[in-house]
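Novice: Dropping the structure in here first, questions after.
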Ligand code: ATP
Ligand code: ZN
């Protein structure tokens, strides 16, 4: 493997993609991202961009297949992979919240005791529940979480919320926020000296871009 370039993994298509590409471009790194490409070489910086599903990024970075990645903190924390979070990027802000049916008379977190909660974030949810000494059943499902209470699959949901409109349109109300997230840059713990130096250069550029916006 070439230890002299930085391989940067970003989301192929989704809520992180546009801002991730924009950030890399604003750092002055040029590359051709033709539609459907899964990897591309930068033309003026020793970097290669990989386009992946966001859930796969922490694992690739832990393994050192990618040296850097841009993901939501929610995904990085849930993955529990051994990576360094090197910088917060300020976009894709959202929260992981618990929702219950609107008619549910909810007072506080102890009301979840003995209940079933559907989520794609079992690890973060378990952490939250145990820190509040609440025992509940966690139903891990891979998508369309908000429908679970109305079809009797679970009493509550734990999912990503930004405006809350998805919860509302499924007859749910938001009752607890368990994690606040934004996009972060994660790095492998096994960078060569050259890669560490490239990462420093990149972080310097990212901070300059951020400072210019504030
Ligand atoms: P993939 O196909 O890559 O697995 P996905 O469907 O899992 O994509 P997206 O919905 O594109 O993921 O969300 C990616 C990340 O963007 C989330 O993990 C979260 O950090 C953030 N995010 C999700 N929903 C919102 C939102 N409504 N507003 C802002 N950021 C969000
Ligand atoms: Zn995903």
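Residue numbers (full-length UniProt numbering): 1 to 214. Quick reminder that beta carbons are idealized off the backbone N, C-alpha and C, glycines included.
1) Between which two residues does the alpha helix (DSSP H) holding residue 166 run?
2) How about residue 143 and residue 119: do their beta carbons lie closer than 9 angstroms?
3) Ignore the nearest five residues each way along the sequence and tell me which others in residue 45's own chain have a CB closer than 7 angstroms to its CB.
4) Straight-line CA distance for residue 186 to residue 34?
5) Run the proximity test for residue 144: is its beta-carbon closer than 8 angstroms to any non-hydrogen atom belonging to ligand 1?
6) The beta strand (DSSP E) that contains residue 95, what's its start and end?
7) What are the residues that DSSP puts in a beta bridge with residue 26?
8) Nearest CA to the CA of residue 191: which residue from 173, 83, 39, 72?
9) Could you tell me which whole beta strand (DSSP E) segments of length 3 or greater appear in the UniProt domain "ATP phosphoribosyltransferase catalytic" (53-207)?
10) Quick one: what's residue 6 bridged to in DSSP?
11) Tell me, please, whether the segment 69-86 touches the segment 38-58 by the rule of three or more beta-carbon pairs shorter than 8 angstroms.
12) Within its chain, find whatever has a CB closer than 6 angstroms to the CB of residue 42; leave out the 5 residues flanking it on each side and keep chain order.
13) Give me the residue from 115, 91, 62 with the minimum Cα distance to residue 22.
14) Under 8 angstroms, with one C-beta from each stretch per pair, do the segment 132-141 and the segment 205-212 reach the 3-pair mark?
15) Taking Cβ positions, are residue 175 and residue 85 nearer each other than 9 angstroms?
16) Name the two residues that bound the continuous beta strand (DSSP E) containing residue 41.
17) Counting beta carbon pairs with one atom in the segment 92-108 and one in the segment 158-166, are three or more of them shorter than 8 angstroms?
18) Under 7 angstroms Cβ to Cβ from residue 26, same chain only, skipping five residues before and after it: list those, please.
Specialist: Looking at the coordinates:
1) Looking up residue 166 in the chain shown gives position 166. Where residue 166 is concerned, the enclosing alpha helix (DSSP H) stretches over 165-169.
2) Counting from 1 along the chain shown, the entry for residue 143 is found at position 143. Counting from 1 along the chain shown, the entry for residue 119 is found at position 119. Cβ distance not < 9 angstroms, so residue 143 and residue 119 don't count as in contact.
3) As a first step, residue 45 must be located in the chain shown, where it is residue number 45. Once the five neighbours on either side are set aside, the close Cβ partners of residue 45 are 29.
4) As a first step, residue 186 must be located in the chain shown, where it is residue number 186. As a first step, residue 34 must be located in the chain shown, where it is residue number 34. Roughly 25 angstroms separates the two Cα atoms.
5) Position 144 of the chain shown, counted from the first residue, corresponds to residue 144. Not under cutoff, so the answer is no.
6) Residue 95 sits at position 95 when you count from the first residue of the chain shown. Residue 95 -> beta strand (DSSP E) spans 94-101.
7) By 1-based counting over the chain shown, the position of residue 26 is 26. Its beta-bridge partners do not exist; DSSP assigns none.
8) In the chain shown, counting from the first residue as 1, residue 191 sits at position 191. Comparing Cα positions, the closest option is 83.
9) Fully enclosed beta strand (DSSP E) runs of 3 or longer: 68-72, 84-88, 94-101, 116-119, 137-140, 156-161, 172-181, 183-187.
10) Locating residue 6 in the chain shown gives position 6, where the first residue counts as 1. Bridge partners of residue 6: 47.
11) yes
12) Along the chain shown, one-based indexing puts residue 42 at 42. 29, 31, listed in sequence order.
13) Here residue 22 is taken as the residue at index 22 of the chain shown, counted from 1. Ranking 115, 91, 62 by Cα distance to residue 22 puts 91 first.
14) no
15) Along the chain shown, read from residue 1 onward, the residue named residue 175 stands at position 175. Along the chain shown, read from residue 1 onward, the residue named residue 85 stands at position 85. No, these two residues do not count as a Cβ contact at 9 angstroms.
16) Within the chain shown, residue 41 is the residue found at index 41, counting from 1. Residue 41 -> beta strand (DSSP E) spans 39-41.
17) Verdict: yes, contact present.
18) For this step, residue 26 is matched to residue 26 along the chain shown. Cβ within range, chain order: 209.
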